[in-house]
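Protein chains: 2
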Amino acid sequence: MKKVINNPENVVDEMLEGLLLAHSDQLRSVREDNRALVRADSPVQGKVAIATGGGSGHLPLFLGYVGKGMLDGVAVGNMFASPSAQVMVDVTRAIHGGAGVLYIYGNYGGDVMNFDMACEIADMEGIRVETVVATDDVASMPKGHEEQRRGVAGMFYLYKLAAAKADTGADLDEVKRIAEKASAHVRTMGVALSSCTLPAVGRPTFEIGHDQMEIGMGIHGEPGVRRGPLESADAIALSLVNSILEDMPISSGSKVSVLVNGLGATPLEELYIVYRKVHELLEEKGINIHRPYIGEFATSLEMAGLSVSILLLDDELRELLDKPFSTPFRTQN
Amino acid sequence: MKKVINNPENVVDEMLEGLLLAHSDQLRSVREDNRALVRADSPVQGKVAIATGGGSGHLPLFLGYVGKGMLDGVAVGNMFASPSAQVMVDVTRAIHGGAGVLYIYGNYGGDVMNFDMACEIADMEGIRVETVVATDDVASMPKGHEEQRRGVAGMFYLYKLAAAKADTGADLDEVKRIAEKASAHVRTMGVALSSCTLPAVGRPTFEIGHDQMEIGMGIHGEPGVRRGPLESADAIALSLVNSILEDMPISSGSKVSVLVNGLGATPLEELYIVYRKVHELLEEKGINIHRPYIGEFATSLEMAGLSVSILLLDDELRELLDKPFSTPFRTQN
Numbered sequence: 001m002k003k004v005i006n007n008p009e010n011v012v013d014e015m016l017e018g019l020l021l022a023h024s025d026q027l028r029s030v031r032e033d034n035r036a037l038v039r040a041d042s043p044v045q046g047k048v049a050i051a052t053g054g055g056s057g058h059l060p061l062f063l064g065y066v067g068k069g070m071l072d073g074v075a076v077g078n079m080f081a082s083p084s085a086q087v088m089v090d091v092t093r094a095i096h097g098g099a100g101v102l103y104i105y106g107n108y109g110g111d112v113m114n115f116d117m118a119c120e121i122a123d124m125e126g127i128r129v130e131t132v133v134a135t136d137d138v139a140s141m142p143k144g145h146e147e148q149r150r151g152v153a154g155m156f157y158l159y160k161l162a163a164a165k166a167d168t169g170a171d172l173d174e175v176k177r178i179a180e181k182a183s184a185h186v187r188t189m190g191v192a193l194s195s196c197t198l199p200a201v202g203r204p205t206f207e208i209g210h211d212q213m214e215i216g217m218g219i220h221g222e223p224g225v226r227r228g229p230l231e232s233a234d235a236i237a238l239s240l241v242n243s244i245l246e247d248m249p250i251s252s253g254s255k256v257s258v259l260v261n262g263l264g265a266t267p268l269e270e271l272y273i274v275y276r277k278v279h280e281l282l283e284e285k286g287i288n289i290h291r292p293y294i295g296e297f298a299t300s301l302e303m304a305g306l307s308v309s310i311l312l313l314d315d316e317l318r319e320l321l322d323k324p325f326s327t328p329f330r331t332q333n
Numbered sequence: 001m002k003k004v005i006n007n008p009e010n011v012v013d014e015m016l017e018g019l020l021l022a023h024s025d026q027l028r029s030v031r032e033d034n035r036a037l038v039r040a041d042s043p044v045q046g047k048v049a050i051a052t053g054g055g056s057g058h059l060p061l062f063l064g065y066v067g068k069g070m071l072d073g074v075a076v077g078n079m080f081a082s083p084s085a086q087v088m089v090d091v092t093r094a095i096h097g098g099a100g101v102l103y104i105y106g107n108y109g110g111d112v113m114n115f116d117m118a119c120e121i122a123d124m125e126g127i128r129v130e131t132v133v134a135t136d137d138v139a140s141m142p143k144g145h146e147e148q149r150r151g152v153a154g155m156f157y158l159y160k161l162a163a164a165k166a167d168t169g170a171d172l173d174e175v176k177r178i179a180e181k182a183s184a185h186v187r188t189m190g191v192a193l194s195s196c197t198l199p200a201v202g203r204p205t206f207e208i209g210h211d212q213m214e215i216g217m218g219i220h221g222e223p224g225v226r227r228g229p230l231e232s233a234d235a236i237a238l239s240l241v242n243s244i245l246e247d248m249p250i251s252s253g254s255k256v257s258v259l260v261n262g263l264g265a266t267p268l269e270e271l272y273i274v275y276r277k278v279h280e281l282l283e284e285k286g287i288n289i290h291r292p293y294i295g296e297f298a299t300s301l302e303m304a305g306l307s308v309s310i311l312l313l314d315d316e317l318r319e320l321l322d323k324p325f326s327t328p329f330r331t332q333n
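First to last, the protein sequences are chains W and S.
Reminder that position 305 of the first sequence reads as 305 in full-length UniProt numbering, one-by-one numbering, no gaps.
Reminder that position 20 of the second sequence reads as 20 in full-length UniProt numbering, one-by-one numbering, no gaps.
Structure follows, in structure tokens:
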């Protein structure tokens, strides 16, 4: 895979430098190594602050979601690697506005370990921290083991909803409740068509035949649930939607939001072709789509493929979803 | 190249169906074949209406720029193929709010021919139409032949600035003047690392070695100015910026906007690495960057590569650039 980079070892540093040069009106670095980024106007006094973090290589995840109406700070790791607990603590200190901090991040071993450690350190410093871990990837563990699942693109909804709640002046328990509710109400299923290549490794993370696809593959190349011949867009959409609805039954008359997420190399045109079928399938079941999102929300460098996330809405979540936000990567009025 | 599609012949139709299902609050189709899309609230009475059009496969170009503060309508062609004059006329009729219509599109043979024909038909119907053709691709013709150059990602600026002017209540001549000024002030240079594959063709549009890149290649695979070994991000940035500044000298103390555009498969991380160097190079020359844009603005399906556009700003253009807009693909507050 050809890459437009300099020394592979410097990819994350240079990406962060570019990002800060481009978006200094919205983002501020609070460490010399730029691994802790916060809203330019941090801390927002009296508001529950929300932090996330994770490995690089997934833009706009994670650092693309820092901004007004969204997250307060992010701890940035190396390529596909967890940031350190110390970076998370630095983020936490910089964003704490006196009302506590909520950590929302994906369920990966390194991230869990480091965020837990950061939580303990923050606690010793008198900053109350609560945690909600995203576990939306249906394919990563069978039903009954939801808490062991990985977090993928559906994490966007946890961010959005919790952040909108924090903006209402709600306290930490209430913001956490919304993040947990969002987590309980969202499921994601993905399909990978090609591998990505870590810049410092220089060869594909995994091999996949030129006519093959893998359903349920993780965004770091974690094995999925089924590998088989490449299917049509409609067949893929059906498979993804069915897996989600088997895992989280949604009754006719319900309202949902849908996120069709590109993994990196898949053109927007194809995401819309998949959305078309997802819409049709849900409509057949009497499920109404409110505020769909289509684009790249959580990528895996130049991996080809996509995921579908479905968020079951009630009035409370719908109202929060509709609130505006503004980040360097996406703005909603 | 693997694609998430159904029948290759139906890619454009199904993409448009998905798009309209997702964004019916912002977009309206005025033809049964969905090839003419306009703002949901069209026509806006008393405002100069702006239309564009071109082949499919370049999302968010062209149809992603229809919305408030942006374009009024778009004529959608087949993959990499011009829409018909009839489709353009249908767009024109649907968006005309009594103050005339401005066509802004890229300089490609089929588009020029069909838009000229549409212009004549509109004229016979009493709709005054003016045209500004984007010719920002430095690589496509040498200096002195600017009017024969292709239009690529820099077209975004023509749309944005003309639309912001139209929103002020300016008349058609004034809106056209701004589009022409934007066109005179913007240059783009791109680099391609891989080909894309047209769905109905099924094989790459062109061949390029696994360690090669082509500077100046067009977004349909038109030959560039130089093919050579893949260079570093910094070397590529230097080459693109130098070509632009040789063509359009910019004096120290000037203000510009910069657009780093991904062609489809190139990760956002790499675009930021390039932006970092572009910023550094311009800063060295005493050129200040105002409101940079980094992301996918004009793609070529799953082509890997990117382009850099530089727009020379004066106070008038800067003020127009800062105005908000809202489309299904991008929102600016």
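Ideal Cβ positions, reconstructed from N, Cα and C, are used throughout, including at glycine.
As the structure is a prediction and not an experimental result, all values here were calculated from the model.
Item: If you run the structure through DSSP and keep just helix, strand and coil, what is Thr-92 of chain W?; Value: helix
Item: Which chain S residues sit within Cβ distance under 8 angstroms of Thr-266 of chain W?; Value: Val-4 and Glu-302
Item: Could you check where the beta strand (DSSP E) with Ser-140 of chain W kicks off and where it finishes?; Value: Element bounds for Ser-140 of chain W: n/a, residue is neither H nor E.
Item: When we look at the beta-carbon of Pro-229 of chain W and count the other beta-carbons within 10 Å, is it buried (16 or more) or exposed?; Value: exposed
Item: Among residues of its own chain, excluding the 5 on either side of Arg-227 of chain W, which ones have a beta-carbon nearer than 8 angstroms to its beta-carbon?; Value: Ile-208, Gln-212, Met-213, Glu-214 and Ile-215
Item: Does the distance from the C-beta atom of residue 334 of chain W to that of Ala-51 of chain W stay below 8 angstroms?; Value: With chain W represented from 1 up to 333, any question about residue 334 of chain W goes unanswered, as that position is not in the structure.
Item: Would you mind working out which of S:Val-12, S:Thr-197 and S:Leu-281 sits nearest Lys-2 of chain S, comparing C-alpha positions?; Value: S:Thr-197
Item: Report the residue from W:His-210, W:Tyr-108, W:Glu-125 and W:Asp-111 whose alpha carbon sits nearest the alpha carbon of Gly-100 of chain W.; Value: W:Glu-125
Item: Pull the bridge partners of Tyr-103 of chain S from the DSSP assignment, please.; Value: S:Ala-51 and S:Thr-131
Item: Measure the alpha-carbon distance for Val-38 of chain S versus Ser-29 of chain S and round it to whole angstroms.; Value: 6 angstroms
Item: If we count Cβ pairs, one from each stretch, closer than 8 angstroms, do we get three or more for the segment 63-70 of chain S versus the segment 79-94 of chain S?; Value: no
Item: Ordered along the chain, which non-local residues of its own chain (more than five positions away) have a Cβ less than 6 angstroms from that of Asp-137 of chain W?; Value: Arg-149, Arg-150, Val-152 and Thr-188
Item: Chain S partners of Val-274 of chain W, CB-CB under 9 angstroms?; Value: Val-4 and Gly-18
Item: Over what stretch of residues does the alpha helix (DSSP H) that includes Ile-178 of chain S continue unbroken?; Value: 172-184
Item: Which of the three DSSP states is assigned to Pro-229 of chain S in this structure?; Value: strand
Item: Between Gln-332 of chain S and chain W, is there a C-beta pair that is closer than 8 angstroms?; Value: yes
Item: Using beta carbons (cut-off 8 angstroms, strictly below), is Val-308 of chain W in contact with chain S?; Value: no
Item: Does the beta-carbon distance from Gly-154 of chain W to Ala-139 of chain W come in below 8 angstroms?; Value: no
Item: What residues of chain W sit near Ala-22 of chain S, judged by a beta carbon separation below 9 angstroms?; Value: Val-258, Val-260, Tyr-272, Tyr-275, Arg-276, His-279, Ile-289, Pro-292, Tyr-293 and Ile-294
Item: Are any of the Cβ atoms in chain W nearer than 8 angstroms to that of Arg-286 of chain S?; Value: Note that residue 286 of chain S is Gly in the sequence shown, not Arg. Closer than 8 angstroms: no.
Item: Closer than 8 angstroms, Cβ to Cβ, to anything on chain W: give me those residues from the segment 49-62 of chain S, in chain order.; Value: Ser-56, Gly-57, Leu-59 and Pro-60
Item: Which same chain residues end up closer than 6 angstroms to Phe-156 of chain W when comparing Cβ atoms and leaving out the 5 residues on each side of it in sequence?; Value: Phe-297
Item: In chain W, which residues lie less than 9 angstroms from Ile-236 of chain S when you measure between Cβ atoms?; Value: Val-4
Item: From Tyr-108 of chain S to Ile-287 of chain W, what distance separates their C-alpha atoms?; Value: 44 angstroms
Item: Would DSSP call Ala-236 of chain S helix, strand or coil?; Value: The sequence shown places Ile at residue 236 of chain S, not Ala. The answer is helix: DSSP assigns Ile-236 of chain S an H, G or I state.
Item: Here's a check: name, in chain order, each residue in its chain whose Cβ is nearer than 8 angstroms to the Cβ of His-23 of chain W, leaving out the five neighbours to either side.; Value: Pro-328
Item: Determine whether the beta carbon atoms of Val-258 of chain W and Ile-289 of chain W lie at a separation below 8 angstroms.; Value: yes
Item: Would Val-66 of chain S pass as an interface residue toward chain W - the criterion being a Cβ-Cβ separation below 8 angstroms?; Value: no
Item: Determine the direct distance from the alpha carbon of Ala-166 of chain W to that of Pro-43 of chain W, and round the result to whole angstroms.; Value: 13 angstroms
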